[in-house]
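This report refers to the structure that appears directly beneath it.
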Amino acid sequence: MTKHLNTLWQVVNAASTVADFTRQSQTYTFPIIRPVTVYLQAEQAEIRLVRWALPKVDIFVQLQVAFGWRIATDQDADGVYVVAKRRMLVGSMSRATFTLTVPHDAYLILKLNESSLLLSDINGTFHVPPKDAKGQLQLPSTTLE
Numbered sequence: 010m011t012k013h014l015n016t017l018w019q020v021v022n023a024a025s026t027v028a029d030f031t032r033q034s035q036t037y038t039f040p041i042i043r044p045v046t047v048y049l050q051a052e053q054a055e056i057r058l059v060r061w062a063l064p065k066v067d068i069f070v071q072l073q074v075a076f077g078w079r080i081a082t083d084q085d086a087d088g089v090y091v092v093a094k095r096r097m098l099v100g101s102m103s104r105a106t107f108t109l110t111v112p113h114d115a116y117l118i119l120k121l122n123e124s125s126l127l128l129s130d131i132n133g134t135f136h137v138p139p140k141d142a143k144g145q146l147q148l149p150s151t152t153l154e
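Those letters in the sequence shown? Residues 10 to 154, per this note's numbering, in order.
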């Protein structure tokens, strides 16, 4: 019985080590001059949006099966740009969570495919129409606090 328990613990420890090896997190910080546009393109990811008063954009990325992702970032006078693409084959096993912390007055462009979006600290009425004939969701301009 003890031998079986030891074998089981070895398997659990090995699985935990592999899981830790395949996880990666990184924070990208961009000091900005207002006004700023933030562009994010991602697929099959969870996007969390938080607003703050600081003059910078922080993007915290958590990747599972990190080698399945390619992430490119850039910044110019107009904005901050992040593109996250999944690699062929191994990308299908990958998951990602992006936490965007942006100034209150940042303009956002989110190009998402099969993703989820979480908006924090929202006050107001949010209108979400049905998808159009192409399967696209077009959100109307909405005033939120």
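Every residue gets a Cβ at the ideal spot worked out from N, C-alpha and C, and that includes glycine.
Would you kindly work out how many angstroms separate the C-alpha atoms of residue 61 and residue 142, rounded to a whole number?
In the sequence shown, the residue the question calls residue 61 occupies position 52. In the sequence shown, the residue the question calls residue 142 occupies position 133. Whole-angstrom Cα-Cα distance: 36 angstroms.
Sub-8 angstroms separation of residue 54 and residue 124 beta-carbons:
Looking up residue 54 in the sequence shown gives position 45. Looking up residue 124 in the sequence shown gives position 115. Going by C-beta atoms, residue 54 is nearer than 8 angstroms to residue 124.
Quick check on this structure: which residue in 34, 33, 51 and 43 has the alpha carbon closest to the alpha carbon of residue 112?
The residue labelled residue 112 in the question sits at position 103 within the sequence shown. Among 34, 33, 51 and 43, the Cα nearest to that of residue 112 is on 43.
Should residue 47 and residue 109 be called a contact, given that it needs their Cβ atoms to be closer than 8 angstroms?
In the sequence shown, the residue the question calls residue 47 occupies position 38. In the sequence shown, the residue the question calls residue 109 occupies position 100. Yes, Cβ-Cβ distance for residue 47 and residue 109 is below 8 angstroms.
Counting only runs that start and end within the segment 33 to 105, where is the beta strand (DSSP E) found for 3 or more residues in a row?
46 to 52, 54 to 61, 65 to 73, 78 to 84 and 88 to 95
Please report how far the alpha carbon of residue 66 lies from the alpha carbon of residue 89, in whole angstroms.
For the purposes of this step, residue 66 is taken as the residue at position 57 of the sequence shown. For the purposes of this step, residue 89 is taken as the residue at position 80 of the sequence shown. Each residue's alpha carbon lies about 8 angstroms from the other.
How big is the Cα-Cα spacing for residue 34 and residue 45?
Here the question's residue 34 lines up with position 25 in the sequence shown. Here the question's residue 45 lines up with position 36 in the sequence shown. Going by the C-alpha atoms only, they are around 25 angstroms apart.
For residue 144, which of 132, 121, 133 and 126 has the nearest alpha-carbon?
Here residue 144 is taken as the residue at index 135 of the sequence shown, counted from 1. Cα-wise, what sits closest to residue 144 is 121.
Would you tell me roughly how many angstroms separate the C-alpha atoms of residue 73 and residue 94, rounded to the nearest one?
Against the sequence shown, residue 73 aligns to sequence position 64. Against the sequence shown, residue 94 aligns to sequence position 85. Roughly 13 angstroms between the two C-alpha positions.
Close Cβ partners of residue 52 (< 8 angstroms) along its chain, the five nearest in sequence each way excluded:
Here residue 52 refers to the residue found at position 43 when the sequence shown is read from its first residue. Here the set comprises 93, 94, 95, 121, 122, 123 and 124.
Taking the straight line between their C-alpha atoms, what separation do you get for residue 140 and residue 18?
Position 131 of the sequence shown holds residue 140. Position 9 of the sequence shown holds residue 18. The alpha-carbon atoms of residue 140 and residue 18 are separated by roughly 49 angstroms.
With burial defined as no fewer than 16 other Cβ atoms inside 10 Å of the residue's Cβ, what is the status of residue 135: buried or exposed?
Locating residue 135 in the sequence shown gives position 126, counting from the first residue. When all chains shown are included, residue 135 counts as exposed.
Whole angstroms are fine: how far does the CA of residue 70 sit from the CA of residue 146?
To locate residue 146, count along the sequence shown from 1; it is residue 137. To locate residue 70, count along the sequence shown from 1; it is residue 61. Each residue's alpha carbon lies about 25 angstroms from the other.
Considering only residues of the same chain and omitting the five flanking positions on each side of residue 106, which have a CB-CB separation below 6 angstroms?
In the sequence shown, the residue the question calls residue 106 occupies position 97. Taken in chain order, the residues that qualify are 55 and 71.
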